[in-house]
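Structure first, then comments.
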Amino acid sequence: MIELCAITKSFAVGLPYQLTAVRDVSLVIEQGQFVVIKGPSGSGKTTLLTLIGCMARPTSGRIMLRGLPHPGLPGSADSAEVEITSLPERFLTAIRRATFGFIFQHFNLVRGITVLENVMLPAYPTGEPYELFRSRALQLLELFSISRHAATPVDRLSGGETQRVAIARALINNPKVIIADEPTAHLDSGLSSEFMEILSTFQAQGKTVLIASHDPLVYESSIPDMVVQMRDGAITGITRQQ
Amino acid sequence: MSGLLARHRNIIDFALSSLLRRKAKNISLLAVYTLIVIIIASCMLFINALKQEAAAVLKDAPDMVVQKMVAGRHDLMPVSRGEVIGGITGVRGVTARLWGYYYDAVTRANYTLTVSDGGQPAPGSIYIGSAIARLTGFSQGDLMPLRTYKGESKLLQVVRVLPAEAEIVSADLIVLSEKDFRELFNFPAGFATDLAVSAGNPLELATIAAKIVHQFPDTRPIMKSEMLRTYDSIFDWRGGMIVVMFAVAVLAFIIFAWDKASGLSAEERREIGILKSIGWETADVLLLKFWEGAIISLTAFLCGATVAYCHVFFFSASLFEHALKGWAVLYPQFRLAPSINAYQLTILFFLTVVPYTAATIIPSWRSATVDPDSSMR
Amino acid sequence: MIVQPAALALIVAALLTGFMVLYAGWYGVRILLHWDMRSGSELQLSLERRTYLISAIVNFALICQLLSLLLFIYTADALHSLFIGAMCAAGTLHVNGFGYPVLALKIVNFLLAGLWLIINYADTQGYDYPLIRVKYSLLLAMVPLVLLESFCLIAYFAGLQADVITSCCGSLFSLDRPGIGGDLAGLPDRSMAIAFYCNMAATAACGIIFLVKKRGGYLFAALSSMGFISAIAALVSFFCLYFYELPTHHCPFCILQSQYGYVGYLLYGCLLGGGVAGLGVGALMPLRGRGSMAAVIPVLQRQLMAAALVLYLIFTLVVSWPVIFSSFKLL
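Protein chains in written order, with the numbering used here: chain A, 1 to 242; chain B, 1 to 377; chain C, 1 to 331.
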């Protein structure tokens, strides 16, 4: 479970051009939920995702993780509650690596290296033996039927293939939460619905899915359990679906 | 522990692949780096080899040489003084030495002519050093003409070419008989070039030298240890001066390395942003940068040292021989005996890799602290 | 002034480490002044990021220190031919008043840098930066020492003039000469060796008690520091006689030369490593209770203690070898 209490994130604090991207947001996301955060661009969706995903620390407020892996910190994963708000970067990174899988708007693959290497990249610094995560990466490529491209540089892939490589990469460390930022912005409708289908299978496996999007195809779909509406950094409404 | 090793292995893997992906940039860096290593290593190896050659020359030198001085110049030494010196307590033996230099106009080189005490060639025959043999083309059995003091040609038969082990010792040497030597230079009988003195106990040499000067105030005793020390300090000084001269080059290289390390392209910045966003930590990126630097340094260091080794020992340091040897212009060509040791390599490491590493620490850290959420903006 | 590649290499390294440590110290001050863990401000974030740079710099300085310590001794040894009467590093270091201070400072700075990295390692294992003030205060203490060392090193080489008559190791460590060298050599050799063995045995016993009962960390640190000193004293007064097979040669540097198989590097390496690890155990003792350190430090202390014990054991075995097996016997 992820719990946000009165989260605010400001940039350039104390300067004339101070900007508050997220304002007093409180939210509870249960494990296994499919959540969409919708709102116009500049509404703070992405910043909220970076705060939840342990990429940045909020200016004020608290974020608690419950029942999620937190390497290096005391307590076992199942029961313990961790406040991540003021953790040092290296612990945030360790949690991010073990807990969250990211899919970015531009997919953010590293150009010039192969599909397989791109998928394995998040596992490199974990200290896991190479053979283990390599076989896992190959399984993932198999799952998304892109095995034949394993040795292809990512620059030569089509849009749909790039998307599937990005999803495979997000899954390499076996995360419990998948975070996607505007994943369908550069996809046509066919690929977008395919993407939603794939994500719904993760939900079926018990993973939490968290998407920021202003694409109606995403937030009007029947798949999400909860749609959070944001504007100017604050939550303006929550719609729950049965 | 195995996790730590696996992490290093994986990151080295990625460091290699990312170096290869940016060939143009890294090859230029590697080329300049290697060049710097070559220059400094050549200079150090060359100086060290000269020191060793000098030590080899002096190894068989007498403990002390006594010269006669006239008006501050080295003059001929009356052989009779040898007997007086031989009577000083502690002196084991005194030998009168005959030697000198000969300028050969044809090959435009200076030879050292010497009369050795043991195993003199018979009058009319000579031994020659390997460099002279190479230079003049004379070999065993040939007649070699030498010009006498009167300008006439004197033919001497080459009976042996001296082996070429420590070339600097024997390369320019002509060994001849006392009779031929005196005839060639009109060297007066009863005089020698200098006297070689040996002592039973080397610790007494200083006392003996003082007694000689007391007895013959116009002589100058030179001790072997003094010569060794002088050679060492001169060679060290030269080597050091050259390194100081190249310090400017090293400095330029460091600025170049700093610039290369801090001037990240947009693509690299994006890549590091991606790595950070997918779960690489600042320390991981620093490690990546460290391994990239280590791979570059190691490659440049090994290539540079190998090339320098070949340059000095197989091509006689042809690029800056004249600057370093000093006397080399008039000296027949010779090859240095190959030698390299861990001490030399450590110094080379300190003069090249350590400054490079220091120059890249701060830029590496800067690039490693890209915000993890930068790739989401 | 001696202009020689090795001297230049050492000066370059000294200037670089001096500059880098000064830079790290400057940010150390800023961290001490402005650190606020509860704040999510950009200043705090940038300070946290600086900590990575500072630990990279101290890492660099430590490795530089270790290599330059070896290079310094080797160079002093190689330069002895330039000085009348100097027969090894002992004579060269004695040529002017900066030689031995440089050596001492190099050893102290190596130990401090090692200690800093141990505390830093412990600190990075904690999620609440528990040792940040300890760590950066120690860093600030290191800065003047490193700068002093760089200054002494440059002054040492600047003051070297070839041909100055100097004492050789034979007289520096001979019995009738006052000063620390003579004092060490003048210690009764056998009782020094006995004291050394007792000290090592006590250190080992204390270490084992700590490993089992988790008590006596301070005692271990004290014993291992005394072990460090008594090992050097016993080496000079007793063990080196067996390496040299000469009853009066007490030089601590000659064992670094090739005719003794460079065994000195192994011995001093073990001693320095063991010394750092032993000191580390003690330095971590008062920090155990801080925040998240309760889980981290005991594990680290056990590892350090094991490392110290193994290194001291190697040292003891190597110095005892010629005493037991050599045909040379002290009368």
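Ideal placement from N, C-alpha and C gives every residue a C-beta, glycine not left out.
Computed from a prediction, not measured in an experiment: that's the story for all the values here.
- Taking a 10 Å sphere around the C-beta of Q140/B, we find fewer than 16 other C-beta atoms and assign the residue as exposed.
- Membership of T20/A in any alpha helix (DSSP H) is not indicated; the residue belongs instead to the beta strand (DSSP E) covering L19 to I29.
- The residue among V175/B, L336/B, Y343/B and S277/B with its C-alpha nearest the C-alpha of T112/B is V175/B.
- By a beta-carbon distance limit of 8 Å, P125/A contacts W280/B. Their separation comes to about 5 Å.
- Comparing alpha carbon positions, the residue from Q4/C, A78/C and S137/C closest to L33/C is S137/C.
- The closest CA to that of L29/B, considering only M69/B, S297/B, I212/B and L76/B, is found on S297/B.
- DSSP places D142/B in the coil class of the three-state scheme, outside both helix and strand.
- Taking 8 Å as the cut-off, the beta carbon of L93/C is found closer than this to the beta carbon of G99/C.
- Along the length of the segment 190 to 221 of chain A, whole beta strand (DSSP E) runs at least 3 residues long occupy 208 to 213, reported in chain order.
- Of the other Cβ atoms in all chains shown, fewer than 16 fall within 10 Å of the Cβ of L19/A; this residue is therefore exposed.
- Annotated three-state conformation of W291/B is helix, per DSSP.
- At least one CB atom of chain C sits nearer than 8 Å to the CB of L87/A.
- Chain C places a beta carbon closer than 8 Å to that of F91/A, counting this residue as a contact.
- Non-local C-beta neighbours of L115/C in its own chain, meaning closer than 8 Å and more than five positions away in sequence, comprise L138, V276, L279, G280 and A283, ordered along the chain.
- Sorting R290/C, S327/C and I314/C by C-alpha distance to the C-alpha of A122/C places R290/C at the top.
- Taken in chain order, the members of the segment 31 to 59 of chain C whose beta-carbon sits within less than 7 Å of a beta-carbon on chain A are M37, R38, G40, S41, E42 and E48.
- For K38/A, the uninterrupted beta strand (DSSP E) segment begins and ends at F34 to K38.
- Under DSSP, the beta-bridge partners assigned to A234/A are R231/A.
- Straight-line measurement puts the Cα of I234/B at about 24 Å from the Cα of W99/B.
- Where A6/A is concerned, the enclosing beta strand (DSSP E) starts and stops at I2 to F11.
- For V248/B, the closest of P355/B, A342/B and E152/B by C-alpha to C-alpha distance is P355/B.
- Per DSSP, G61/A is one residue of the beta strand (DSSP E) stretching across S60 to R66.
- Exclusion of the five residues before and after S150/C leaves A14 and G18 as the residues of its chain whose Cβ lies within less than 6 Å of its Cβ.
- N108/A places its beta carbon 8 Å or farther from that of V165/A.
- If you compare the alpha carbons of K154/B, D104/B, D117/B and V285/B with that of S125/B, the shortest gap goes to K154/B.
- Secondary structure of H74/B (DSSP, three-state): strand.
- Note: P153/A is bridge-paired with T114/A in the DSSP secondary-structure output.
- Ranked by Cα distance from I274/B, the options P145/B, S375/B, A342/B and N48/B are led by S375/B.
- With a cutoff of 8 Å on beta-carbon distance, V21/C and V143/C are scored as near each other.
- Leaving aside the five residues that flank M69/B on each side, the residues in its chain whose CB is nearer than 8 Å to its CB run, in chain order, D75, D218, T219 and R220.
- Taking a contact as a CB-CB distance under 8 Å, the pair L160/C and I2/C counts as one, their CB atoms being some 4 Å apart.
- Non-local C-beta neighbours of L73/A in its own chain, meaning closer than 7 Å and more than five positions away in sequence, comprise V82 and F91, ordered along the chain.
- By the rule that beta-carbons nearer than 8 Å mark a contact, S230/C does not touch chain B.
- The beta-carbon of P355/B is placed less than 8 Å from the nearest beta-carbon of chain C.
- The straight-line gap separating the alpha-carbon atoms of F14/B and C152/C is approximately 42 Å.
- Legend: CB atoms of the segment 54 to 70 of chain A lying less than 8 Å from CB atoms of chain B belong to residues M55 and A56.
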